[in-house]
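Student:
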Amino acid sequence: MTADLTALPARAGTRPATTGLEIPHDQLEAFSPPEIRSALIEFVRSLPGVQTGPSSVSEPGSLAFRLPRVDRAFDAFLHPSVDEFGHVHRSGFLHLAVPLNSVAALTDLGWAEPHPISRRPEFPSSIVMFYAPRDTGELAVATTVLRASYHQAVA
Numbered sequence: 717m718t719a720d721l722t723a724l725p726a727r728a729g730t731r732p733a734t735t736g737l738e739i740p741h742d743q744l745e746a747f748s749p750p751e752i753r754s755a756l757i758e759f760v761r762s763l764p765g766v767q768t769g770p771s772s773v774s775e776p777g778s779l780a781f782r783l784p785r786v787d788r789a790f791d792a793f794l795h796p797s798v799d800e801f802g803h804v805h806r807s808g809f810l811h812l813a814v815p816l817n818s819v820a821a822l823t824d825l826g827w828a829e830p831h832p833i834s835r836r837p838e839f840p841s842s843i844v845m846f847y848a849p850r851d852t853g854e855l856a857v858a859t860t861v862l863r864a865s866y867h868q869a870v871a
């Protein structure tokens, strides 16, 4: 059973500024401390079947979260990839495919914003830019969202 992402607490503080580029790769402030980013990666690696490695859809320093290629739902993956459901940047900033019905709530609660690439018809509308978790409380929210992204990808 996947968590109800519409019931998450609101993110504290102001919404992070992004680069303003078509496909932003970093927050301009509010990076994840190294131990928080490491814990996030450890969590993702603990999910059954997930493999990590350099992203095939983002900058080389991004770590991809992949599942074996099989017939999977279009909205569950970053495209043109057919196996990458998310990745984390060096700053802790995440690009994820999340359940479509949670995009508005994640945005309204201050955790994420729709990824600009999702405006293109060849990309899913479920791709978000999830802000870098700054502490263990935000890490708990990030892992909840990551688990929902994972469950969508394996469904």
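Residue numbers for the sequence shown follow this note's numbering, so the first one is 717 and each next one is one higher.
Cβ coordinates follow ideal geometry from the N, Cα and C atoms, glycine included.
#1: Which of the three DSSP states is assigned to PRO770 in this structure?
#2: Going by the CB atoms, is the gap between LEU794 and ALA813 shorter than 8 Å?
#3: Could you compute how far the alpha carbon of ASP791 sits from the alpha carbon of PRO815?
#4: Considering only the alpha carbon of each residue, which of LEU822, ASP824, LEU855 lies closest to GLU751?
#5: Below 7 Å CB to CB, which residues in the same chain sit around THR722 once its five sequence neighbours on both sides are set aside?
#6: Could you give the residue range of the beta strand (DSSP E) that holds ARG753?
Tutor: The structure says:
#1: strand
#2: yes
#3: 8 Å
#4: LEU855
#5: SER818, ALA821
#6: Premise fails: ARG753 lies in the alpha helix (DSSP H), 750-762, not in any beta strand (DSSP E).
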